[in-house]
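Novice:
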Amino acid sequence: MQKIQSILSDIMMAAFEDSGYDAKYGIVRLSDRPDLCEFQCNGALSAAKQYHKAPFIIAGEVISNVKPAEGGTSLFTAEVVKPGFININVTGDFIASYLEEMAEDAALSIPQEEVPKKILIDYGGPNVAKPLHVGHLRSAVIGESIKRLCRAVGNEVLGDVHLGDWGLQMGLIITELKERSPELIYFAEDAPESLDEYPKEAPFTIGELEEIYPFASAKSKVDEGYKARAMEATHDLQAGRPGYRALWNKIMELSVADLKKNYERLDVAFDLWKGESDVQPYIPQMVEKMKADGTAHYDQGALVIDVAEPDDKKAIPPCMVLKSDGASLYNTTDLATIVERMKLYNPDAIIYVVDKRQSLYFTQVFRAARKANLIGDDTKLVHVGFGTMNGKDGKPFKTREGGVMRLETLLDDINEGMIGKIRENRNVRAEDAGKTAETVSLSAIKYGDLSNQAAKDYVFDTDKFTAFEGNTGPYILYTIVRIKSILEKAAESGQDAEMGRLLSPGTAEEKALMLDLARFGSVIWEAYEELAPHRICAFVYDTANDFNRFYHETKILGEPDDARRASYLKLLSITQRVLEKSIDILGFEAPDHM
Ligand code: ARG
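Here the sequence shown stands for residues 8 to 601, where the numbers follow the working numbering.
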């Protein structure tokens with residue numbers, strides 16, 4: 008289905024041509040001044056320069072050649088205003104039939120990629136054995152939405168959690184476990200070679216694991232010998248020492264199960280649970296090739312790839328591939344991950360949703376990957392960098408005691424506050440309150456994050472985010488629930504919203520709502536092109552506001568005229584579908600009552 012602007016553009020372009028001007032001046036866009044008109048064409052102002060004629064004259068000629076009709080219905084009215092703008096308002100019949108057509112498609116006519124792409128999204132990025140903290144929230148929330156957005160326009164998309172499961176943190180945990188329980192079989196001199204011979208049960212619980220890591224990490228900072236032992240353990244693990252591999256498997260099992268539980272609570276789902284450890288086998292060959300073809304060279308003992316380019320505004324240091332002791336590092340793993348992803352999935356694009364403080368890092372890695380020919384020219388590498396989630400004091404979000412806040416704690420706190428609000432509400436049955444509170448809380452957290460441009464820092468303000476009024480998730484849900492309950496009442500008296508036909512809008516409020524809905528497809532497409540979920544939030548907020556204005560001005564179920572009432576119900580049903588599809592892409596859903 009064509010965008011409403013492009014239907015209008017086609018007609019205006021023909022009119023420019025018929026008047027003897029270049030068709031390109033006929034482009035129509037949404038009005039910057041919705042108080043004056045709905046759409047506008049400013050082409051006469053640019054044409055004036057080329058044709059040395061007053062814009063007002065050109066616009067006048069064009070208008071007289073406009074044929075704004077299709078099958079007998081007039082689509083719009085156009086008027087020239089000084090110095091040469093063409094203001095356009097669509098007719099009620101046109102907007103109604105446009106929406107009818109859009110509603111006929113179960114997928115609401117969202118534009119689709121002509122040639123669907125294969126896209127891999129690297130998001131979440133949690134580290135094994137460390138509890139998920141709020142720092143990981145943004146990657147999960149933004150990444151999930153970008154994944155759904157890329158899918159909505161027809162692409163084949165894979166989400167990969169890319170676990171941090173291979174670094175020093177593993178050596179630290181092993182070292183601390185050995186300190187506490189040296190008698191465990193994993194540490195024995197004669198530990199079995201075969202991994203099958205180790206106990207099924209892990210020698211720790213997830214709670215212990217989460218306590219062990221910060222403990223070991225703190226200790227390594229003050230105890231040199233301890234740190235050296237942890238590094239050695241890391242090295243032994245990476246070299247394949249069976250006891251350590253067996254222990255690592257146990258750490259992974261518990262940790263991944265816990266992570267899955269947490270991501271499920273966030274309604275975040277990964278297709279791939281791969282991690283840094285998976286790509287280690289690719290490293291030796293990759294490094295050899297880089298050395299052999301001269302992409303990489305030794306500099307002060309370290310193997311590096313120069314990635315500076317002549318146009319760089321600031322210096323981009325070389326990308327290090329191996330440290331001077333021969334050890335691989337974060338960069339090496341990311342490069343090897345690209346090798347594996349190309350081999351297994353051959354995607355058209357890899358999108359990394361990672362803190363923007365890593366943007367220099369990704370510039371280095373992406374350039375190194377191209378220089379080393381790890382990817383073809385037609386595979387795009389994109390870093391969607393996000394800002395910091397701050398507390399009300401403007402500093403990175405912390406617990407009241409000043410520690411790092413666990414994601415679980417944040418979710419629990421918000422749920423607890425929400426359940427009180429939900430219980431006050433007589434529309435929700437007591438037994439549904441818990442589930443409803445969770446649904447509404449999630450909307451508060453996700454919308455609070457996504458409504459800001461990702462690259463910006465934002466303040467996580469619980470009171471503001473959980474309010475039922477204002478630019479919040481709960482307000483959007485409240486609007487959807489309101490629509491659902493009207494439609495439910497209508498259904499009880501035998502009125503089926505889908506049966507109605509949209510009539511030309513009777514009021515300005517109704518038309519404003521219809522114009523919002525007609526924008527849906529273009530908004531989704533623009534959000535996709537910019538990988539910008541905040542655009543969808545802005546759209547959803549405008550639409551909810553316009554719906555609520557319409558609702559307050561209109562007696563819907565009390566409307567005596569049958570055709571008019573049926574048209575209202577149809578409009579409500581389309582509004583509900585558009586809002587629900589939008590929030591589904593954002594990554595949350597609406598309850599039936601709240
Ligand atoms: N685990 C990393 C961290 O906690 C994030 C990983 C991001 N993804 C990547 N391919 N580097 O900072």
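Where is the CB? At the ideal position from N, CA and C, for every residue including glycine.
As the structure is a prediction and not an experimental result, all values here were calculated from the model.
With distance defined between alpha-carbon atoms, name the residue in L15, D42, L170 and M327 nearest to A76.
Specialist: A76 has its Cα closest to that of L15, out of L15, D42, L170 and M327.
Novice: Less than 6 Å between C-beta atoms, sequence neighbours within five positions excluded: which residues of the same chain meet that for D553?
Specialist: So the list reads A519, L520 and D523, once near-sequence residues are dropped.
Novice: Relative to the C-alpha of I543, which residue among Q365, A504 and I590 is closest?
Specialist: I590
Novice: Buried or exposed, going by whether 16 or more other CB atoms sit within 10 Å of the CB of H541?
Specialist: buried
Novice: Jot down the residue ranges of each uninterrupted beta strand (DSSP E) in the stretch 159-195, minimum 3 residues, whole runs only, in chain order.
Specialist: Entirely contained in the stretch 159-195, the beta strand (DSSP E) runs reaching 3 residues are, in chain order, 163-167.
Novice: Since D355 and K387 should fall inside the 8 Å C-beta cutoff, what is the C-beta to C-beta distance between them, to a whole number of angstroms?
Specialist: 7 Å
Novice: Closer than 6 Å: is that where the CB of G171 sits relative to any heavy atom of ligand 1?
Specialist: Yes; taking the cut-off as 6 Å, the Cβ of G171 has a heavy atom of ligand 1 nearer than that.
Novice: Of all the CB atoms in chain C, is at least one closer than 7 Å to the CB of A85?
Specialist: No chain C appears in the structure shown, which is made up of a single protein chain.
Novice: Should V361 be listed as close to ligand 1, given that the test is whether its C-beta is under 6 Å from any heavy atom?
Specialist: yes
Novice: Per DSSP, H143 forms a beta bridge with which residues?
Specialist: Answer is none; H143 lacks a bridge partner.
Novice: Do E273 and A147 have their CB atoms nearer than 7 Å?
Specialist: The question names Glu, but residue 273 in the sequence shown is Leu. Closer than 7 Å, so yes.
Novice: In angstroms with no decimal places, state the Cα-to-Cα distance between I126 and H169.
Specialist: 15 Å
Novice: So what does DSSP say about S81, is it helix, strand or coil?
Specialist: strand
Novice: State buried or exposed for M425, treating a residue as buried only when at least 16 other CB atoms are found within 10 Å of its CB.
Specialist: Of the residues assessed, M425 falls on the buried side of the cut-off, its CB having 16 or more other CB atoms within 10 angstroms.
Novice: With DSSP run on the structure shown, which of helix, strand or coil describes S388?
Specialist: Going by the sequence as given, residue 388 is Leu instead of Ser. Looking at L388 - three-state DSSP - the assignment turns out to be strand.
Novice: Where F527 and S227 are concerned, what is the direct C-alpha to C-alpha distance, given to the nearest angstrom?
Specialist: 54 Å
Novice: Between M20, I93 and Y58, which has its C-alpha nearest S38's C-alpha?
Specialist: I93
Novice: G150 by DSSP, collapsed to three states: which one?
Specialist: In this structure, DSSP gives G150 a helical state, which the three-state scheme calls helix.
Novice: Could you pull the DSSP bridge partners for K125 from this structure?
Specialist: E163
Novice: Do you know offhand how far H143's Cα is from G132's?
Specialist: 7 Å
Novice: Near V160, what residues of its chain come up, given a Cβ to Cβ distance below 8 Å and the 5 sequence neighbours on each side ignored?
Specialist: I117, P118, Q119, E120, I531, W532 and Y535
Novice: What number of angstroms, rounded off, separates the C-alpha of N602 from the C-alpha of V35?
Specialist: Absent from the model: residue 602. The displayed extent of the chain is 8 to 601, so no value can be given.
Novice: Which first and last residues belong to the beta strand (DSSP E) in which Y327 is found?
Specialist: Per the sequence shown, the amino acid found at residue 327 is Met instead of Tyr. It spans C326 to L329 - the beta strand (DSSP E) in which M327 sits, taken as one unbroken run.
Novice: Enumerate in chain order the residues of its own chain whose CB-to-CB distance from K234 is below 6 Å, with the five nearest sequence positions on each side excluded.
Specialist: Same-chain partners within the cutoff: S227.
Novice: Determine the direct distance from the alpha carbon of F277 to that of A375, and round the result to whole angstroms.
Specialist: Going by the C-alpha atoms only, they are around 27 Å apart.
Novice: Can we count D134 as close to ligand 1, meaning its CB is less than 6 Å from some heavy atom?
Specialist: Per the sequence presented here, residue 134 reads as Asn, with Asp not at that position. Indeed, a heavy atom of ligand 1 lies less than 6 Å from the Cβ.
Novice: Should Y482 go down as buried or exposed, given a rule of 16 or more other Cβ atoms within 10 Å for buried?
Specialist: buried
Novice: Could you compute how far the alpha carbon of K577 sits from the alpha carbon of K588?
Specialist: 16 Å
Novice: So which of L329, K298 and A299 has the shortest CA-CA distance to G308?
Specialist: L329
Novice: How is the alpha helix (DSSP H) around I14 delimited, first residue to last?
Specialist: I11 to D25
Novice: How long is the line joining the alpha carbons of I153 and F63, rounded to whole angstroms?
Specialist: 44 Å
Novice: Just reading off the alpha helix (DSSP H) that C48 is part of, what are its end residues?
Specialist: Element bounds for C48: not the alpha helix (DSSP H) but the beta strand (DSSP E), F46 to C48.
Novice: Do you know offhand how far H559's Cα is from R489's?
Specialist: 12 Å
Novice: Verify the contact flag: D419, CB atom, against every heavy atom of ligand 1, threshold strictly below 6 Å.
Specialist: Set against 6 Å, the gap from the CB of D419 to the closest heavy atom of ligand 1 is not smaller.
Novice: Within its chain, find whatever has a CB closer than 7 Å to the CB of S224; leave out the 5 residues flanking it on each side and keep chain order.
Specialist: L179
Novice: Check whether the Cβ atoms of A343 and I382 sit closer than 7 Å, and answer yes or no.
Specialist: Here A343 is not near I382, since their CB atoms are 7 Å or more apart.
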